[in-house]
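Reviewing the structure listed below.
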Amino acid sequence: MYKRKAFTPLEIKISNRATTRFPTGFTLIELLVAISIIALLMAILMPSLRKAREAAMRVLCANRLRQWGMAIQMHIEDNEGQLMAISMAWGNHAYPHYIYNKPQRNSRGAKMWNIEDINPYIGAFSPNYENNGTATDMVTCPNCSGKFMQEWIRHINWPNHPFAEIAYSYFGRADLLDAAECGATAKKDLVGETLSATKLLMAEILNLDVSDSAYRYNHGITGWSWNEMRYMNPSYTAYSPNPEATGRGQLFGDMHVEWKRISDERNLPIMSNRFVDGWDGPGSGWVGAGDVDYY
Numbered sequence: 008m009y010k011r012k013a014f015t016p017l018e019i020k021i022s023n024r025a026t027t028r029f030p031t032g033f034t035l036i037e038l039l040v041a042i043s044i045i046a047l048l049m050a051i052l053m054p055s056l057r058k059a060r061e062a063a064m065r066v067l068c069a070n071r072l073r074q075w076g077m078a079i080q081m082h083i084e085d086n087e088g089q090l091m092a093i094s095m096a097w098g099n100h101a102y103p104h105y106i107y108n109k110p111q112r113n114s115r116g117a118k119m120w121n122i123e124d125i126n127p128y129i130g131a132f133s134p135n136y137e138n139n140g141t142a143t144d145m146v147t148c149p150n151c152s153g154k155f156m157q158e159w160i161r162h163i164n165w166p167n168h169p170f171a172e173i174a175y176s177y178f179g180r181a182d183l184l185d186a187a188e189c190g191a192t193a194k195k196d197l198v199g200e201t202l203s204a205t206k207l208l209m210a211e212i213l214n215l216d217v218s219d220s221a222y223r224y225n226h227g228i229t230g231w232s233w234n235e236m237r238y239m240n241p242s243y244t245a246y247s248p249n250p251e252a253t254g255r256g257q258l259f260g261d262m263h264v265e266w267k268r269i270s271d272e273r274n275l276p277i278m279s280n281r282f283v284d285g286w287d288g289p290g291s292g293w294v295g296a297g298d299v300d301y302y
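Residue 39 in this note's numbering sits at position 32 of the sequence shown; the count goes up by one each step and never skips.
This is the structure:
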């Protein structure tokens, strides 16, 4: 019987060297193909990711609007069913933001929307707000910069004006507004003396400031905008030279929230050709004079 002889050390070394393969790395073409595939996937996925993020922000905003609604309901229950009225705080015209000093009444005797009355139910401002101008994250939409909004209130509203602007507009007791203070559809669209499931109580801000070409909204194609040109620190300003708002959440009297989309073809006028008073929005009215808040 044939007996194979054992390999010598030299033969084992030669055999291993002959069968071992060393990696040669990717070729330039392979790398370019891989990068192209990754770029293509990113291009496909990014719009979907952006839409998913925007949808998540809408949900967060809707929840915050409901918190405001619950605070208003509790205040009404504790005040004999009386609903606060939209404040007359900007040139004695309707202005859907807080007055921050002691509760006041409008010319028709209705108590106006104010920090002192509603803050115990929502905690949007420091209990010592009248002395320090400090606000909390509740004054802003989760899609906006909370720091920016708080700085704005602290450095612009508090020392210079008797009102505080927040990321949500309040439209209570629109029945008390006259023709110079609201559009033709406002009284049928906005809450009157009592809450109603078909009447709008609050909404995410959509403001066109005719005095210094500023837009203010919470949701847009490129994010939120609060682009006040005269703000004390321009580095905080969110400029939108040709803004495109996507829509805003709206809180009704029964505390349900609806998303109201702004179509591309009926979007905000550009700054260089604004025609603010002529912009009708998709079925929207307006409230205010000078600074125009749409709903």
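Ideal Cβ placement from N, Cα and C applies to all residues, glycine included. Computed from a predicted structure; not experimentally measured.
Nearest to LEU90 by alpha-carbon distance, out of MET209, ALA221, THR201 and ILE163, is THR201. Counting only runs that start and end inside the segment 151–213, the beta strand (DSSP E) elements of at least 3 residues fall at 175–177 and 207–211. Counting along the chain, GLU265 sits inside the beta strand (DSSP E) bounded by residues 264–268.
Nearest Cα to LEU72 within the set TYR175, LEU213 and ILE228: TYR175. Restricted to the segment 87–131, the beta strand (DSSP E) segments that are unbroken, complete and at least 3 residues in length are 94–97 and 100–102, listed in chain order.
Less than 8 Å divides the Cβ of HIS104 from the Cβ of SER94. When DSSP states are grouped into helix, strand and coil, TRP231 belongs to the coil group.
DSSP places TYR302 in the coil class of the three-state scheme, outside both helix and strand. Nearest in C-alpha terms to PRO166, of all of GLY153, ASN138 and THR147, is ASN138. Note on GLU87: under 16 other CB atoms within 10 angstroms of its CB, so exposed under the neighbour-count rule.
From the listed residues LEU208, LYS154 and GLY116, the smallest Cα separation to LEU183 is found for GLY116. Nearest Cα to ILE129 within the set THR147, PHE178, ARG60 and GLY179: THR147.
Taking C-beta separations shorter than 6 Å and ignoring five residues to either side along the sequence, the partners of PHE132 in its chain run ILE122, ASN126 and ALA142, following chain order. When only Cα atoms are considered, GLU37 and THR253 end up about 41 Å apart.
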